[in-house]
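A short worksheet on the structure shown next.
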Amino acid sequence: MNDEQRSAAQLADAFGRAAKSVVRAFDERLGDRGVSTPRSKLLAEIERMQPVRSAEVARAVGVTQATASTLVEALVREGLVVRTPDENDRRAVRLTTTAEGQEQARHWRADYIAAAHEMFAGLTSEDKAALTRLLNKLGDALA
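In the UniProt record's numbering, the protein residues as written are 1 to 143.
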């Protein structure tokens, strides 16, 4: 293994540890409200994109269509999201948030922002900007 390969492996290990820690921190914070990170992100994206098809919101959140369908079903059961017929395609439905869903999305978004603020408090503004740029670059390269 050469230095470049060793460096890449060390970066992958560090990234994996950090990613697990970030997910755990968000899940713990949002878990206090009885919600998972993917579920809260899905509701927030439905609110932002509404009216939206399930496949579109799944892509935006980065989950499979099957996962999105399961999460949407739970949100519908709880009265946070409603399905309405798509005016352009009778076979399709659009998702919109209810008043309760909008309120929950605001609470969950506030919790998410507070958790992110706490999580990255040890980084300078420059560090955060550099990390954001590099992670976006990595995400684009892997997409």
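Beta carbons: idealized from backbone N, C-alpha and C, even for Gly.
Asked, Found
"Identified DSSP bridge partners for L95", "V52, R83"
"Pick from T98, T67, R53 that is closest to T37, judged by C-alpha positions", "T67"
"Contact check, L95 vs V52, beta carbons under 9 Å", "yes"
"Cβ contact check for the region 127–143 and the region 69–77: 3 or more pairs under 8 Å", "no"
"Host alpha helix (DSSP H) of R133 (start-end)", "125–142"
"Rounded separation between residue 175 and N88 - CA only", "This structure gives no information on residue 175, because the portion of the chain shown stretches from 1 to 143."
"Buried or exposed by the 16-neighbour rule on C-beta atoms within 10 Å, applied to I46", "buried"
"Separation of M1 from W108, as counted between CA atoms", "45 Å"
"Cβ-Cβ separation, V22 to K41 (assumed contact under 8 Å), whole Å", "Not confirmed; about 13 Å, so no contact."
"Beta carbon of A115 nearer than 9 Å to that of L43", "no"
"Beta-carbon gap between T97 and Q50 smaller than 9 Å", "yes"
"For R39 and G79, the rounded distance between their alpha carbons", "14 Å"
"Buried/exposed call for S69, threshold 16 Cβ in 10 Å", "exposed"
"Cβ-based neighbour list, R90, same chain, cut-off 8 Å, excluding 5 preceding and 5 following", "none"
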